[in-house]
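All remarks here apply to the structure that follows.
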Amino acid sequence: MTERAAGNIYDLGYRRYEGRRLGRWDAALSLYVHGLRAAFGLGRRTRSKIFPIGLALLAGLPALAYLMGAAFFEINVSDVIKAEDYFSTNIFFPQVALMLFVAAVGPELLGRDQRHSILSLYFSRSLSRLDYAASRYAAMATAILALTLIPQATLFLGNALVVDNFGGYFRDEWKQIGPIIGSSLLISVFFAAIGMVISAQSARRTFATIGVIAPFIFLPVLSGVLISSLDNLAGRLGVFLNPFFVIDGFTYWFFNATPDLSEEHPMMRAAFSGGWYFLFAIVITLVGIVLLLRHYRRKSL
Amino acid sequence: MPLIELHGLTKQYPRVRALDSLDLTLDAGVIGLVGANGAGKSTLLKILLGLLPATEGSARVLDMDVHIQGREIRNLVGYMPEHDCLPPDLSATEFVTHLGEISGLPRPAARERTAETLRHVGLFEERYREMGSYSTGMKQRVKLAQAIVHDPRLIFLDEPTNGLDPAGREEMLDLVRRTGQEFGIAVLMSSHLLGEIERVCDWLMVIDEGKLKKSGAVAEFTQTLGALEVEVEGDAATLVKALRERGFDARGGGTLAYVALQEAEPYDAIRDCLVEMEMGLVRLEQRRQSLEDIFRPEDSPTND
């Protein structure tokens, strides 16, 4: 092998690179695209694609199922599933699919680079530590956005196509587009912040995945206990410990809708207006991003 | 323009002083950085790359300050770390192309240069295979390829022969030498093996416990400090002892003694000692001294 290789070297000679050199932002963009592809296992083994693509399909399943129902049985699906309910605790499993997606992809994006000590290769280039963390976070948020936005868009367009009057449907329902995009974006950046901060803590995939899932399981339980046992502000604030209720709260706020919930539902008992959930999600997202950037700024190599 | 300039460079960790007031100017070429494990080699490389801040002093690489112009420096240098850094489920082509892009090459250029670079390091047929199936030697080649894919002006190689068998070691040293001499890329290579440095480097710097011990052209060390090799019939150790008593720098054992060529030439003394001890002389010849001879035993960076 060496002799052949040496032969090649002398045949071709080493050529200097005289072409264009791109800057820091292009490097960050390249890392972002690389992360986005890695999130769905693109360019990797089939095994790497199964989880993320499977979970993406799971998140879109209600939209697909209702659309197929509409196509075959001529049901107006907008009567059956509303945009504001899609990622709510009412349907539930798209939310669970999102959580599992974050738990599967976060460790893939961050833990992998730590596990294989690739960070020193990135940081010895023009990319800064903050560029790295920001690019990875943006890739994660965009990947989640694909899971939140595509089913909603499918549902919206499907509804428009099922009714006889496409233009009429669009005229009546176009106001849904803003809330759909807004709520999908906030769910994505909110979940990405939580998932990435936890994923960054361990190079071991198993630990990181369990670490991401754990708060989604235990915090809702704690939230339920607080709300049901304390009849004061502390108990009411417990509703914010449940990330799924937070999503519900700001999503209904985006759509300016009233959730169809019983008086006993924790969100009804807590009685916070939707704007508080929105603010809470924004604050948690910002805190998460700051913690993630700080983690990488201080990380020793 | 000097390649690297250090002025009072110090790195203090909570419990240990990894670098202690290094002052040095290095010009382009293939530079060897020698020191035992823990001598501060990797710390120095990381400071020069701007990956670690220095506690005191300053360092300039390619006439740029590492503290202020770290990003500009990193655009123009390549780094091959000592540790394993290759994801096993990617092919060499995908990985090196990706890092080429991160180094600022547009995608088509990154792909083209990846193919060329992998060929230069002797990986071509295997470049589409997942790196998890590579031998240690092949992995070291990929690590070198990612360091030069963007055609840097200087590369830092941290123990490039680590973990290689003797044949792999030879091939890697040959690649390092070609990178410096044929590709025209300046090289700063760390190693704890003097023999390697002697083979490929033009310049040598030795650090020990964070302090600069020696710095100079390799040829200077090996040529000006010649030695005589004396083969005798009998125990050379007694000859060594006798020569030392007469003030000569001698060492050896078995049937071979080595005597440093100093201002006072040792030829007459060797003859006299042999006559006194009635010891037969088999051979006496001037030997080009190797770096290992020079630094052994008091510096002994070759022990590990």
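Here the protein sequences come in this chain order: S and Y.
Following my numbering from start to finish, the first sequence increments by one per residue and tops out at 301.
Following my numbering from start to finish, the second sequence increments by one per residue and tops out at 605.
By construction, the Cβ of each residue, glycine as well, lies at the ideal position given by its N, Cα and C atoms.
Quick caveat, the model's predicted, so the values are computed rather than measured.
Among Y:Pro409, Y:Glu566, Y:Ala360, Y:Val477, the one whose alpha carbon lies nearest that of Gly330 of chain Y: Y:Val477 is the residue among Y:Pro409, Y:Glu566, Y:Ala360, Y:Val477 whose C-alpha sits nearest the C-alpha of Gly330 of chain Y.
Ile403 of chain Y CB to nearest heavy atom of the ligand MN below 7 Å: In terms of ligand content, the structure shown is empty, and the ligand MN therefore cannot be addressed.
Partner residues on chain Y for Tyr137 of chain S, Cβ-Cβ distance less than 8 Å: Those within 8 Å of Tyr137 of chain S in chain Y number zero; the least Cβ separation is about 17 Å.
For Phe244 of chain S: DSSP bridge partner residues: According to DSSP, Phe244 of chain S bridges with nothing at all.
Glu306 of chain Y beta carbon less than 8 Å from that of Arg361 of chain Y: A contact, by the Cβ cut-off of 8 Å.
Alpha-carbon spacing of Ser48 of chain S relative to Ala103 of chain S, whole angstroms: 14 Å
Among Y:Ala355, Y:Leu349, Y:Leu346, Y:Leu350, nearest to Arg318 of chain Y - alpha-carbon criterion: Y:Ala355
Interface flag, Ile180 of chain S vs chain B, CB-CB below 8 Å: As a matter of chain content, chain B is missing from the structure shown, whose protein chains are S and Y.
Proximity winner among S:Ala208, S:Ile187, S:Leu29, S:Arg112, relative to Gln95 of chain S (alpha-carbon distances): S:Ile187
Selected residue, minimal CA-CA separation from His493 of chain Y, among Y:Gly464, Y:Tyr435, Y:Glu402, Y:Gly485: Y:Gly464
Below-8 Å beta-carbon distance, Thr2 of chain S vs any chain Y residue: Confidence is the limiting factor: at Thr2 of chain S the pLDDT is only 46, short of 50, which leaves the residue's position unreliable, though a coordinate-based value still follows. With 8 Å as the cut-off, Thr2 of chain S counts as an interface residue toward chain Y.
Classification of Leu233 of chain S by the beta-carbon crowding that lies within 10 angstroms, buried from 16 upward: exposed
For Ser392 of chain Y: DSSP bridge partner residues: Y:Glu431, per the DSSP bridge assignment.
Proximity below 8 Å, CB of Tyr66 of chain S to CB of Ile81 of chain S: yes
The alpha helix (DSSP H) enclosing Ala131 of chain S, as first and last residue numbers: Residue 131 of chain S is actually Asp in this sequence, not Ala. From DSSP, the alpha helix (DSSP H) with Asp131 of chain S extends over 129 to 162.
Reference Leu489 of chain Y; option with closest CA among Y:Ser404, Y:Leu495, Y:Tyr380: Y:Tyr380
Burial state of Thr285 of chain S, where buried means 16 or more other Cβ atoms lie within 10 Å: So Thr285 of chain S ends up on the buried side.
Leu301 of chain S versus Ile210 of chain S - alpha carbon distance: 25 Å
CB contact check: Ser30 of chain S to chain Y, cutoff 8 Å: yes
Selection from Y:Gln587, Y:Glu497, Y:Glu460, Y:His308 that minimises the alpha carbon distance to Lys342 of chain Y: Y:Glu460
Segments assigned alpha helix (DSSP H), at least 4 residues, entirely inside the segment 238 to 296 of chain S: 243 to 254, 266 to 270
Nearest residue (CA-CA) to Ser184 of chain S, options S:Phe218, S:Glu84, S:Phe72, S:Gln201: S:Glu84
Backbone secondary structure at Met549 of chain Y - three-state DSSP: Going by the sequence as given, residue 549 of chain Y is Phe instead of Met. Coil at Phe549 of chain Y, not helix or strand.
The segment 98 to 117 of chain S in contact with the segment 188 to 198 of chain S per 3-pair CB rule at 8 Å: yes
Under the three-state DSSP convention, the category Ile118 of chain S falls into: coil
Secondary structure of Glu534 of chain Y, DSSP reduced to three states: strand
DSSP-derived helix/strand/coil call for Asp328 of chain Y: coil
Reference Ala393 of chain Y; option with closest CA among Y:Ser436, Y:Pro407, Y:Thr326: Measuring from the Cα of Ala393 of chain Y, the nearest candidate turns out to be Y:Ser436.
Neighbour-count burial assignment, Gln441 of chain Y, 16 or more Cβ in a 10 Å radius: Burial state of Gln441 of chain Y is buried, judged by a 10 Å Cβ sphere holding 16 or more other Cβ atoms.
Exposure label - Arg298 of chain S; buried when at least 16 CB within 10 Å: exposed
Burial state of Lys444 of chain Y (16 or more Cβ within 10 Å): buried
Presumed contact (8 Å Cβ cut-off) between Leu547 of chain Y and Ala570 of chain Y, rounded CB distance: In the sequence under discussion, the amino acid at residue 547 of chain Y is Arg, which differs from the Leu named in the question. Indeed they touch by this definition, with Cβ atoms about 5 Å apart.
Asp248 of chain S classed as buried or exposed, judged by whether at least 16 other C-beta atoms fall within 10 angstroms: buried
When S:Ala143, S:Ile177, S:Phe216 are compared against Val189 of chain S, the one with the closest alpha-carbon: S:Ala143
Reduced DSSP category for Cys457 of chain Y - H, G, I as helix; E, B as strand; rest coil: For clarity, residue 457 of chain Y is Phe in the given sequence; the question names Cys instead. Phe457 of chain Y falls in the strand class under three-state DSSP.
Proximal residues, the segment 391 to 405 of chain Y versus chain S, C-beta separation under 7 Å: Glu395, His399, Leu400, Glu402, Ile403, Ser404, Gly405
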